[in-house]
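Position 375 of the sequence shown, counted from 1, bears residue number 1638 in our numbering, the numbering being contiguous throughout. Ideal Cβ placement from N, Cα and C applies to all residues, glycine included.
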Amino acid sequence: MEDAARLIRRWSATAIFALLAIGAGGGRSAARADDAALARDVAAEARDFAGRDDHGRAVACALAAIRLDPSLEEELSLLIAHQLTWQERAAEAVPWYRRRLEAEPDDREAKLGLARALSWSGDLDGAAAVYRELLADDANDEEARLGLARMEAWRDRPGAAARAYREALDRGVPDAREGLAAAENARGKHRAAEALYDAILADDPDDVSARVGRARARYWLGEEGAAERDLAGIDTAEAADLRDAIRRDRGLRAMLFADRWNDRDDQENRTLGVRVEGSAGPGWRWFGLAAGERSEDPATGRVEFLTFGGGGSWRPSRDVAVHAEITAHDLGRNLEDAAVIDVGAGETRTGADIRETVALFDSWLTWTPIDWTRFDVGYGRVPVTTARALARGLRVNVASLAAERRLTERVSARIRAAHGDYDDGNTRRSLEADLRFGDWSLGPVHWNVGPGAAWIDFRDESPDHGYYSPDRYDTFHGTLNAWTSAERPFRVEGDVRLASESENDGDRFGVLSGGVELRWQATRHVGFGAFGRASTSRFDSSAGYERDGVGLRVFLAP
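Here you go:
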């Protein structure tokens, strides 16, 4: 009796009677007069349940009505499809939408529902095809245009998604702004994303999704403090994940690395080391480095080095970064008795007692005075003229004030006896400038290309004893970079560089280099990486120079 009472409370008398009638009749292909009347009543019950978002009972009543009167299938197929979709049974909804479209091929609501069900069931290509069909019927269909842009984003094509959202914006669809901002974030154009989110929040300061999106853009721009302010008071899962990422970045992080490099003349270097870094507050970072290196060269034999270093960086604004570090290199001992080493002025000495300690100081300033991505958005709309479309991808980066100085240098008594007091200082000055055109997407891969130039000047304060002679290098180069999004667990980065260099003695040489780096973030605390690089040089007056290297990485974030 309790079960019967519960059933009566949950279902109407009409629905119960219909279900009992179906059970007694075992289902019939043709409706009798009394069944047809009952079927219409049960169909009305299905619509009532659907209006109250009671999806399960709406589907049950609609199916019962069709069992009683199969002619109702065309009338109820759209209702069943919608209710199955909202019940998170999208795959079951697809055939019901198709039945409706067989009867009514131009039913826009059924096409939109079919696209939604296909996307929710994982058939993103099928959903995109339906949205394109809708746009072919009506180019001003805002819902279809937004749906197509969403499919591009879900198919991991942020560049195509951004273009689709921009087109929607140009057609006056304001809801496309947040989708475009998310697409720009996904393809690394975080400043453009931030500007879009600013426009959204100017209209609605309480838009939680836009606040989290802007926080993500600022996090990738290195503005962790601003990101945290955006996240204040938001308790969504996405906000919690972003807070965790900020905390991990501020905590200690370590990288274990093992590298091998081969140079010309069969010289081989192997390095094993660890680098630890952390945050000293908003905009400040520090690092420490310890490594051991073994070098094998036909001329100098096998030698071992120890390297220790540390330094930090300060980013007072998004356009400026200052970096400084000090590194001590110690050539500990020679592993072969018959070693040969250059000690200046082309002279050599042999012997096992070769020792050298060098401390180097490096510093550089990175300044980005121009970044046209800031001006992607004007009055909430994205310009699409050719000139501005080109300007959107133009970035100018100037790295200047790079200096390297040998602070101390200590060598063995054997060399000092031959050359007197050996205490040297060297300074390297350089100016580098790079233009980056692009930031375009091809599927999940983004790329840019641009020219650059560098002027490097070596000054030796003690030319009689130093390893460096006064020299200057002028370099002009072009670079193609490609990478996948920063927010994916598996990342790929690659580049190809072609350079023309000249020395102050007039000798010119060309350099072709390239490399690829893979990184897999296995868990939130552990990641793995590998890289490979190779370069080749051709001189005017001498033989070429070949170099290649591979390396492994383990990233730890406790």
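Under the three-state DSSP convention, the category residue i falls into
i       : result
Glu1486 : coil
Ile1497 : coil
Ser1382 : helix
Glu1372 : helix
Asp1304 : helix
Gln1530 : coil
Asp1467 : coil
Thr1648 : Interpretation of Thr1648 is limited by its pLDDT of 33, a score under 50 that renders its predicted location unreliable; no figure is taken from the coordinates.
Leu1698 : strand
Val1779 : strand
Leu1819 : strand
Gly1314 : helix
Pro1437 : coil
Gly1555 : strand
Ala1717 : strand
Gly1514 : coil
Asp1522 : strand
Ile1343 : helix
Arg1450 : coil
Arg1506 : helix
Arg1413 : helix
Arg1754 : strand
Val1337 : In the sequence as presented, Val is not what sits at residue 1337; that position holds Glu. Reduced to three states, the DSSP call for Glu1337 is helix.
Whole-angstrom distance between residue j and residue i, CA atom to CA atom
i       : j       : result
Leu1331 : Ala1323 : 12 Å
Glu1365 : Lys1374 : 11 Å
Ser1576 : Glu1556 : 26 Å
Arg1371 : Arg1362 : 14 Å
Thr1786 : Gly1792 : 13 Å
Leu1411 : Glu1337 : 28 Å
Glu1766 : Met1414 : 53 Å
Glu1405 : Ala1439 : 9 Å
Glu1351 : His1345 : 10 Å
Asp1316 : Trp1349 : 9 Å
Ala1716 : Tyr1360 : 60 Å
Ser1580 : Leu1464 : 22 Å
Thr1799 : Ala1553 : 30 Å
Gly1741 : Trp1524 : 24 Å
Val1475 : Glu1501 : 8 Å
Opposing strand residues paired with residue i [DSSP bridges]
i       : result
Tyr1808 : Ser1800
Ser1542 : Arg1548
Val1393 : For Val1393, which the question treats as bridged, DSSP gives no partner whatsoever.
Phe1794 : Glu1780, Gly1814
Leu1743 : Val1712, Val1759
Glu1567 : Arg1557
Tyr1736 : Ile1719, Glu1766
Leu1535 : Ala1521, Gly1555
Val1789 : Leu1819
Gly1773 : Ser1763, Arg1801
Ala1420 : It should be noted that the sequence gives Arg, not Ala, for residue 1420. Paired residue(s): none; Arg1420 is not in a bridge.
Test item: CB-CB of residue i and residue j under 8 Å
i       : j       : result
Pro1384 : Ala1423 : Just to set this straight, residue 1384 is Ser in the shown sequence, not Pro. Cβ distance not < 8 Å, so Ser1384 and Ala1423 don't count as in contact.
Leu1342 : Ala1356 : no
Asn1403 : Arg1454 : no
Leu1339 : Ala1313 : no
Gly1442 : Leu1484 : no
Gly1514 : Gly1541 : yes
Glu1531 : Glu1567 : no
Glu1447 : Leu1432 : no
Ala1480 : Leu1494 : no
Gly1773 : Trp1783 : no
Ala1309 : Ala1325 : yes
Cutoff 8 Å: residue i Cβ touching any chain D Cβ
i       : result
Ile1497 : Here there is only one protein chain, and chain D is not present.
Exercise. So, do the region 1484-1497 and the region 1519-1526 have three or more beta carbon pairs nearer to each other than 8 Å?
Worked result: Output reads no: the region 1519-1526 does not touch the region 1484-1497.
Exercise. With contact counted as at least three CB pairs below 8 Å, one residue from each stretch, are the region 1737-1757 and the region 1770-1786 in contact?
Worked result: yes
Problem set entry | the region 1388-1396 / the region 1426-1436 touching (three or more Cβ pairs under 8 Å) | Touching, no.
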